[in-house]
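Report on the structure given below.
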Amino acid sequence: MSSTDPADGQAGGRGNQAMTGLRLRGRDREIMVVREALDAIRDGRSACVVVEGASGVGKSRLLAELDGMARRFGFDVVSIRADVLDQYAAGAALLSALQSSDGSNRAAAATDDQRLWLLDSITDALEDRAQRAPVAVLVDDAQWADPATLFVLRTLPGRLAASRVLWVLAVRSDTERPTVARVREDLERLGARWLTLGPLPQQELQYIAADVLGASPSPGLARLLRGVGGNPFLAIELVRAFADTDAVKMEAGEASLLHDGIPITFRRSIAGRLDRLPEDAVRLLQIGSVLGREFDLGTAARMLGRHVGSLLAGVEAALSAGLLSADGPRLAFRHDLIRQAVHENLPLAVRTALHREAADSLRVIGARSAEVAWHVVMSGGPVDDDAVTTLSTAVRELSSSAPDAAADLAQRVAGLLPPQDRRRISLLTDAAKYLGRTRRVHEALDLVDATLPEGLEPLQEAYLRLVAAEIHQAAGDDAAAMTHLQQALDLPALPPHVRVRLLKTKATGHVYLGDITAAEQTDTGLVEAAYQSHDPAVVVSAMVFQSQTFFYRGHLARALELAEEATRRAGTQSAALYLRPPRIPALWLATVLTSTDRLADTERILREGQREAEALGLGWSLPHWHAARACALLEQGALDDAAVEAEASLMVADELEITLPNPQARSVLALVEIRRGDLAKARDHLRAAETGSGTKRQRYGPWVSLARAGLADAEGEDGEAAAALRGSFASREPTRLLAVPLSHWPGIVRIARGDEDPSVAQAVSGALRSLTAQDESRQIIGAVRAHVDGLLDRDPRALESAITGYRNTGRPLALAAACEDLGELMAASADTTPAIPYFEEAGQLASASGARRDQERIRRRLRQLGVRTAPVRNHTASPQGLGNLTESEQKLIPLVVQGLTNRAIADRLYVSVHTVNTHMKHIFTKLGINSRVELTRLAIERGTSADAAD
């Protein structure tokens, strides 16, 4: 793929003088649409236009016209054109074009999944440019774009909807590439404007002929123009041939059509032009048609067995004939239709042999593996060892930025190998692994199921089942993962390092499932062996595993000690940063801290870890960081910010096409909406969480059960609420209970105490006694135990003790619940007066947190006690005319007015850029606007732009 100058696609270099400056004919409606799009961008609104049509119908010409218009209007234009060879290329040509034009070069992320780094890098570059001038991103021949650029084109128009960026893609209507179809679907969903370029009317073709000839075409030529099917490029070629020869005497009548939409008369016209060229020029064009639309003269010379100097006469002849251009460092066919015509005039056997030779020649000189791979695929096999090595390299390079495309290529390469070739299984295993990183999980598992019966060697089967297990774990189906792991461990003669890896994954699966006894039994010396390893990541992983088993056994002090040491070591050993959840040390440390008195440290660690994950491009971990921060903010009573983090978790998972959005994030959103009083939204979130959470024994089962019980309780379904809790929290072991923070435990007891089955309430009480026996120093544990005892024993002193304990823990909603519970207990006595202060405090705390449903319930209770209170209002007080913005949203407005990009705002506020993206989305929705320009204008009009962000 290449960046193009505005003149490219217009003049086409030497040999194309007749087309220079030709007027664009018959596209007035399309010009009006793109002008409207440019106007929209100048007004601050983003826009996307897809130009679709057959080859030669004028897509490139329309983009060239748009390029010139945009530059005249003061746009910063980023223009790239794809080549057929780019389809297997690693990296993103759009990023390269941005970096080469502004001199920036953000270091690539050192990770096996660079999708987040890619999106963030291009977002930052475009946002920076859009702050200075409106930007137009033009992508020609997008049907051939590299997979990473296609991924960007599917994602960023939505993310940058509020920025002054115009996206224009030109794509062939007959493309069958699946990734291009997905771009179409996603852009259509985002509201892209579609321009389908159809055939031009006969009159417009005659105008074009007159433009080329400088005079009106003869009646004979006008009749011949009917044979080009309204295709302007073919019309121009026909007219040029007519002008240079007596082509009017060629075959009469209308041209018939051949495959690929190239009229047979055009192919014959090209063949006739080749016949008039010297043999050197003909051979050069034939070899060039195999190498691609753009090709290196040195490579063509080697394939011809010639020196470059001996081909200069042939080059000159091809340029003079208008078949090639030489505007850049490589020769190029002036239009791909010309290359296709030359290519298809070669016999099939010759074409495939030349592609095989091209692959060999390019591999020798160290060409891009993607370019070699394309030629090997085009040759149709068979492939030798060197070709397989090159193809495998192309797959590996592609996997970091476009795992789905890498999987497709791996399967295609495997199809070129004989069934008995061991490398087939390795390629299919890699394909399944790469598909498992995308939404195509079912395809990955189907591929595993199709490959397993092929009579695999034990080691091959073990690796394939390990991949399947990791995919199942990522998708939340831990039971299926454990089945694959056990079947792999039953295989004979596995190397020790493979068995260790299988056992480690199985032990992690037991942790996911809450079966700590099984996890400890699986250990059988793994931890001890890990501590002897020279790999710091192995040592850190062992520490985290030990911390998890101690934590779920209720030994919080030891769990915290191990988690902190693992986090400290990970901070000095870069290899440990790439551990997967739940083994990320800092992420696990935050989980442990949430159940201690150090809630403030949790927030700091999550912010730092989140931003470090962004900086390193560890996109697969970001949904987990955002979900963990949502849980911590919910614990702190910051409902609005908790919802934003949960939404950011889902948004990042959607952008990166991560296997399954975190059900924990959905559960947090459901719990927030229950507190706010929007039960319909809570129901929607819960339904989505249940869709992905699997059985009650799965890792997020406790969170989903908690949300399900809370919603049923809010709807007055007491029996259903109690039943939802029994499946997850009836065990007396603290294991499942500790999957949710301690402050939720009194709420579980409040719902469960009305159940005829006392198992859940007894389990919570027993778990708290166990935790207290092991560590009496934790204030939060003491407060929660007092709260639970007060509920079960109807003991006001215990509730008073809980209130005292909660005051210094930073958990306002837990304090509000204890105040309300004590108020209810006192209100049942003859003298209800002492209950009123507790209800009032509970109402104030609920209001400050945004828990409108809690506040309304407490307000009704106070009215029953004879206390008049003001109606429930939104807990935020936005500047006049700026809607019901939250405090966090208000902080962003002056920074937007100052011209800061979302990345700069995130740096200023020390939060994730995805958190800022979500806040901005909420601001636009609440204010009924679509762009940063409108927000700036509104803020200035309302006099809020001078407010400083905290």
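Heads up: the sequence shown begins at 152 in the working numbering, then just goes up one per residue.
Where is the CB? At the ideal position from N, CA and C, for every residue including glycine.
Going by beta-carbon coordinates alone, are residue i and residue j separated by less than 7 Å?
i       : j       : result
PRO285  : ILE192  : yes
PRO774  : VAL803  : yes
PRO643  : PRO609  : yes
ASP791  : GLY660  : no
LEU933  : GLY956  : The question names Leu, but residue 933 is Gly in the sequence shown. Yes. Within cutoff.
ASN1053 : ASN1068 : yes
HIS836  : ALA821  : yes
ALA561  : VAL539  : no
PHE967  : LEU996  : Residue 967 is actually Ala in this sequence, not Phe. Cβ atoms of ALA967 and LEU996: closer than 7 Å.
ILE1080 : GLU1040 : no
LEU922  : GLY705  : yes
ASN382  : VAL208  : yes
LEU919  : TYR703  : no
LEU1043 : HIS1065 : no
SER1063 : GLN787  : no
ALA979  : ALA953  : no
ALA293  : LEU214  : no
Using 10 angstroms around the beta-carbon of residue i, count the other beta-carbons present and answer buried if the total reaches 16, otherwise exposed.
i       : result
SER1111 : The chain is shown from 152 up to 1101; residue 1111 falls before or after that span and cannot be answered.
THR846  : Confidence at THR846 is low in this model, with a pLDDT of 44, below 50, so the placement of that residue should be treated as unreliable; the coordinate-derived value is given next. THR846 should be labelled exposed.
GLN437  : buried
MET183  : exposed
ARG323  : buried
LEU1089 : buried
TYR682  : exposed
ASP159  : With a pLDDT of 38 at ASP159, under the threshold of 50, the modelled position of that residue is not reliable, and the figure given next carries that caveat. Buried, since its Cβ has 16 or more Cβ neighbours within 10 Å.
GLN238  : buried
GLN815  : buried
ARG502  : buried
ILE516  : exposed
PRO892  : buried
ASN959  : exposed
GLY1094 : exposed
ILE273  : buried
ILE1050 : Correcting the residue type first, residue 1050 is Gly in the shown sequence and not Ile. Its Cβ having fewer than 16 others within 10 Å, GLY1050 is exposed.
ALA708  : exposed
ARG1012 : buried
Give me whichever residues DSSP pairs with residue i in a beta bridge.
i      : result
VAL286 : ASP227 and VAL316
PHE446 : LEU482
VAL322 : GLU203
SER476 : ALA483
Can you give me the start and stop residues for the beta strand (DSSP E) that residue i sits inside?
i      : result
THR347 : 344-348
ALA198 : 198-204
Residue i lies in the alpha helix (DSSP H); which residues open and close that run?
i      : result
ALA601 : 592-602
ALA620 : 609-625
PRO897 : 896-903
ALA360 : 353-364
SER698 : 687-703
GLY870 : 869-880
GLN571 : Run containing GLN571: none; DSSP gives neither H nor E here.
ARG427 : Where ARG427 is concerned, there is no enclosing alpha helix (DSSP H), given that its DSSP letter is neither H nor E.
ARG817 : 814-827
THR541 : 536-550
ASP511 : 499-515
ILE182 : 179-193
TRP854 : 852-865
HIS762 : Checking the sequence shown, residue 762 turns out to be Arg, not His. Counting along the chain, the alpha helix (DSSP H) containing ARG762 begins and ends at 750-767.
TRP525 : 520-530
THR742 : 736-744
VAL935 : 930-944
ALA793 : 790-806
TRP776 : 773-786
| message | My parser needs the alpha helix (DSSP H) runs of 4 or more residues fully inside the segment 265-309; what are they? | response | Unbroken alpha helix (DSSP H) stretches of 4 residues or longer found wholly inside the segment 265-309: 266-283, given in chain order.
| request: Mind listing, in chain order, the continuous beta strand (DSSP E) runs of no fewer than 3 residues lying wholly within the segment 1015-1097? | output: When DSSP assignments are scanned along the segment 1015-1097, no uninterrupted stretch of beta strand (DSSP E) that is 3 or more residues long falls wholly within it.
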